[in-house]
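J.: The sequence shown runs 2 to 320 under the numbering used here.
All C-beta atoms in this analysis are idealised placements derived from N, C-alpha and C, irrespective of residue type, glycine included.
All figures in this text were calculated on a predicted structure; none of them were measured in a lab.
If you scroll down you'll find the structure; I have some questions about it.
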Amino acid sequence: MSLKKGTVVYISGDEEFFVEEAVSYIKQQMLDEASRDFNFDLFYGRETEISKVHDVVETLPMMAQTRLVILRRAHDLRDQDWKVLLPAIEKPVPSTFFVMTGNKLDGRKSIIKQVTSHLASFHFAKPYDNEFPKWVQYICKKFGLTIENDAVQLLMQIVGPNLLEMQNEIQKLGQYIGERNDIRAGDVMTVASRIKLQSVFDLTKAIGQNDRARALMCLAQLLESGQNEVGIMSMIHRHIRLLRQTKMGEQQGFSGRQLSSFAGVPHFFLNEYSHQARLWSERKIERTYKVLCDTDRALKSSPVSSHIWLENFIMQTCH
């Protein structure tokens, strides 16, 4: 990412953590403590008068070389708002670094085409499942912490594929362990929200045991507690993947710690995963993956009725 003065950038991402990391890096590089109060402005989409954003972007810095302006939720802007900002984007003030964050913009619109032709766009994709552990390690390292593998797997099971929420949990863990800087699985069990912990485990366990009634009840509890539907789907996908890995490992003759390492399952959950894996044939796993893909597409194309798609997934899978 170019950090030259007079730059206008738009940052979006499927993983909000990466967007926040990019913004934090820009702030560290572009501002010094002495002049930060005078040369940093933060705005939010439609919550502010867009002409004010335009004026601030074109304002020279005070007692410094650079002014940093951040506009969050820029995807909320209307066409007329973009028209107000366009002159400042087409001919940026050399001393201003203008950052916008938000969802991906609709490139079919004429005004958006004009805007994006004059700025640098960065989109951060969500990491794959097998990449999450290294990002958990990265977050821990940021806070001067280390974390054992079982604790990583347990955190992923509880939190799901959301690195920003993962960071919040790791901060709580850092406060809990005090002077000790290594996070253990027992720490995660103690600090994690008991309601969420039980609900997540109950849902995946019910699906693994083909208990339709229990799975539907657990799903309702998770949704009522505010859990994101896409996040729930990701946790289910991960659980099915771990069942398949456990089944494959057992077929290859692995057991104990060796099987735990091969499957990516914390050793204290291994017996439960082994039991569930025996209930799932390869054909059922393949069929479930197809239903998972269909449900994922449906969730993204029709989010209003997302709970119905999740219920439908359980109805098709648990029998």
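1) Since SER13 and LYS105 are thought to touch, with beta carbons under 8 Å apart, how far apart are those beta carbons, to the nearest angstrom?
2) Can you give the beta carbon distance from ASP80 to ARG47, rounded, assuming they're within the 8 Å contact cut?
3) Decide if MET64 is buried, meaning its Cβ has at least 16 other Cβ atoms within 10 Å, or exposed.
4) Keeping to the same chain, check which residues put their C-beta closer than 8 Å to that of GLU22; ignore five residues upstream and five downstream.
5) How many Å lie between GLY187 and ARG37 at the Cα?
6) Output the distance between the C-alpha atoms of ASP130 and GLN168, rounded to the nearest integer angstrom.
7) Determine the burial state of ASP33: buried for a count of at least 16 other Cβ atoms within 10 Å of its Cβ, exposed for fewer.
8) Grab the span of the beta strand (DSSP E) containing MET101 for me, first residue to last.
9) Between GLN222, ARG245 and VAL10, which has its C-alpha nearest ALA121's C-alpha?
10) Tell whether a beta-carbon distance below 8 Å holds between PHE98 and THR49.
11) For a quick check, are the C-beta atoms of LEU223 and LEU204 less than 8 Å apart?
12) How close, in whole Å, do the beta carbons of LEU72 and PHE44 come, if the pair is a contact with beta carbons under 8 Å?
13) Which residues mark the beginning and the end of the alpha helix (DSSP H) in which ARG298 is found?
14) Please classify PRO95 as buried or exposed, where buried requires at least 16 other C-beta atoms within 10 Å of its C-beta.
15) Find the nearest neighbour of GLN154 within the set ILE184, ALA89, THR102 and GLY250, judged by alpha-carbon distance.
16) Thinking C-alpha only, which one of LEU87, VAL54, PHE39 and PRO162 is nearest GLU17?
17) Could you have a look at TYR26 and say whether DSSP puts it in helix, strand or coil?
18) To which residues of the same chain is LEU243 closer than 7 Å at the C-beta, ignoring the five residues directly before and after it?
19) With DSSP as the reference, please indicate the residues paired to ALA121 in a beta bridge.
20) Tell me which same chain residues have a C-beta within less than 7 Å of the C-beta of ASP297, skipping the five on either side of it?
21) So, helix, strand or coil for VAL94, using DSSP?
22) Taking the DSSP output, what are the residues bridged to VAL70?
23) Determine the DSSP secondary structure at ASP188, reduced to helix, strand or coil.
24) Please name the residue or residues paired with ILE148 in a DSSP beta bridge.
T.: To lay it out plainly:
1) Rounded, the Cβ-Cβ distance is 5 Å, consistent with contact.
2) Taking the Cβ atoms as the reference, ASP80 lies roughly 13 Å from ARG47, outside the contact range of under 8 Å.
3) Exposed.
4) Around GLU22: no qualifying Cβ.
5) Each residue's alpha carbon lies about 41 Å from the other.
6) Spanning the alpha carbons of ASP130 and GLN168 requires a straight line of approximately 17 Å.
7) Under this definition ASP33 is an exposed residue.
8) Taken as a continuous stretch (DSSP letters only), the beta strand (DSSP E) holding MET101 covers 97-102.
9) Cα-wise, what sits closest to ALA121 is VAL10.
10) For the pair PHE98 and THR49, the CB atoms are not nearer than the 8 Å cut-off.
11) The Cβ atoms of LEU223 and LEU204 sit closer than 8 Å to each other.
12) In this structure, LEU72 and PHE44 form a Cβ contact; the two beta carbons are roughly 5 Å apart against a cut-off of 8 Å.
13) Where ARG298 is concerned, the enclosing alpha helix (DSSP H) stretches over 283-302.
14) Residue burial annotation: PRO95 is exposed, with fewer than 16 other C-beta atoms found within 10 angstroms of its C-beta.
15) Measuring C-alpha to C-alpha distances from GLN154 to each of ILE184, ALA89, THR102 and GLY250 identifies ILE184 as the nearest.
16) Closest by alpha carbon: PRO162.
17) In the three-state DSSP reduction, TYR26 falls in the helix class (H, G or I).
18) These residues qualify, in order along the chain: ALA264, GLY265, VAL266 and TYR274.
19) The partner list for ALA121 (beta bridge, DSSP) reads VAL10.
20) Closer than 7 Å at Cβ, skipping near neighbours: MET234.
21) Per DSSP, reduced to three states, the secondary structure at VAL94 is coil, with no helix or strand assignment.
22) Beta-bridge pairing links VAL70 to ASP42 and PHE99.
23) Residue state for ASP188 is assigned as helix, using DSSP reduced to three classes.
24) Paired residues: ILE184.
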